[in-house]
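In the working numbering, the protein residues as written are 29 to 411. Don't be surprised by glycine CBs; every beta carbon is placed ideally from N, CA and C. The structure presented is a predicted model; accordingly, all values stated were derived computationally and were not measured.
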């Protein structure tokens with residue numbers, strides 16, 4: 029079945045199993061927010077002896093707004109998971125686009141191999157007739173037939189590579205390989221002009237991993253506040269009722285109430301607070317490092333994109349046409365008896381190499397565009 033680039037990306041976003049599994053991390057984080065809203069459970073105590081029994085209830089009062097700190101931390105972590113999911117989708121989209129381009133490349137290479145085989149097959153058939161008429165030697169006929177057989181084997185290998193690329197498309201769409209999807213689209217239409225300064229600014233504004241780094245700093249700040257809150261001692265409150273078992277006589281009964289305050293000598297050790305502070309400083313440094321990394325990635329991707337664009341211009345300036353003219357001219361001379369079959373084979377192989385290099389360069393150009401836009405956090409690729 030044929031599939032367009034837009035439909036392919038749409039299916040990847042909805043059915044890719046790895047991405048669907050990552051989506052559950054957001055649901056898990058939202059559930060953690062709900063779990064952090066619980067209050068401490070009270071304790072029911074019952075004691076009995078030969079003459080008396082007692083019934084009491086105790087409850088721990090959390091001081092320092094520990095519950096609020098836990099909820100805020102869980103909410104920030106949930107927001108972080110949502111950003112991580114968005115970043116994962118951007119990475120998945122770029123990877124899927126590269127696989128789509130690879131499938132187009134393998135399809136085009138297959139067409140080149142088929143065309144070369146058919147060209148050589150027609151030449152070998154013509155050589156057979158020329159041999160019968162005595163124009164060429166038997167060795168020339170054998171040579172052209174061997175070259176045709178070799179090219180046919182190359183076609184078989186390229187068919188396998190093409191089908192393997194289609195299988196990967198199915199995998200990213202969360203589908204089995206019983207029905208393969210043929211990529212549609214013409215990557216010749218891909219052409220963009222960018223200014224490096226604009227790209228760097230767009231990257232600092234749009235890159236999700238920078239937002240992830242910023243949110244990570246917020247998470248460490250929340251963790252620090254929770255650590256500070258947990259150092260506040262909790263107060264225990266208890267109420268109990270006691271009486272004897274004898275119900276016929278006037279009962280002896282009593283009620284007691286109490287408050288317990290822990291002596292937190294362990295708070296003298298401030299190692300946990302210091303560690304939380306260091307994590308904040310570490311997150312801030314990593315955030316600044318991420319900004320530099322984004323600028324470097326965008327600059328490198330832009331240089332690579334400009335180089336691929338220049339290489340494509342070289343091929344379109346006449347290299348492809350020249351290789352075709354050389355091959356046609358060599359075949360013309362061969363048919364007139366002015367050159368040998370070996371010169372034709374050399375020209376044929378040169379033509380094939382030029383075609384393959386052009387297609388691989390075209391794929392590299394398209395892939396460099398995908399990499400550049402991914403590095404900037406933008407996306408307008410459509411073909």
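When the Cα atoms are used, residue 284 and residue 84 turn out to be separated by approximately 9 Å. Inter-residue distance for residue 113 and residue 400 is about 21 Å (C-alpha atoms, whole angstroms).
Contact check for residue 319 against residue 392 fails: the beta carbons are separated by 8 Å or more. Cα atoms of residue 340 and residue 386: separation of roughly 7 Å, rounded to the nearest angstrom. Exclusion of the five residues before and after residue 329 leaves 399, 400, 403 as the residues of its chain whose Cβ lies within less than 6 Å of its Cβ.
Residue 126 is not a Cβ neighbour of residue 300, given a cutoff of 8 Å.
Between residue 124 and residue 37, the CB-CB gap stays under 8 Å. In this structure, the beta-carbon distance from residue 231 to residue 33 does not fall below 8 Å. Counting of Cβ neighbours within 10 angstroms places residue 211 among the buried residues, the total reaching 16 or more.
Under the three-state reduction of DSSP, residue 207 is assigned to coil, being neither helix nor strand. Less than 8 Å divides the Cβ of residue 304 from the Cβ of residue 251. For residue 405, the secondary structure class from DSSP, reduced to helix, strand or coil, is coil.
For residue 223, the three-state secondary structure derived from DSSP is coil. With a minimum length of 3 residues, the unbroken runs of beta strand (DSSP E) contained wholly in the stretch 67 to 98 fall at 71 to 76, 80 to 89. DSSP, reduced to helix, strand and coil, places residue 213 outside both helices and strands of the structure shown, so it counts as coil. Shown here for residue 269: same chain residues with a beta carbon closer than 6 Å to its own, the five before and five after excluded, namely 83, 283 in chain order. DSSP places residue 121 within a helical segment (H, G or I) once states are collapsed to three.
A check of alpha carbon separations from residue 42 across 105, 221, 117 identifies 117 as the nearest.
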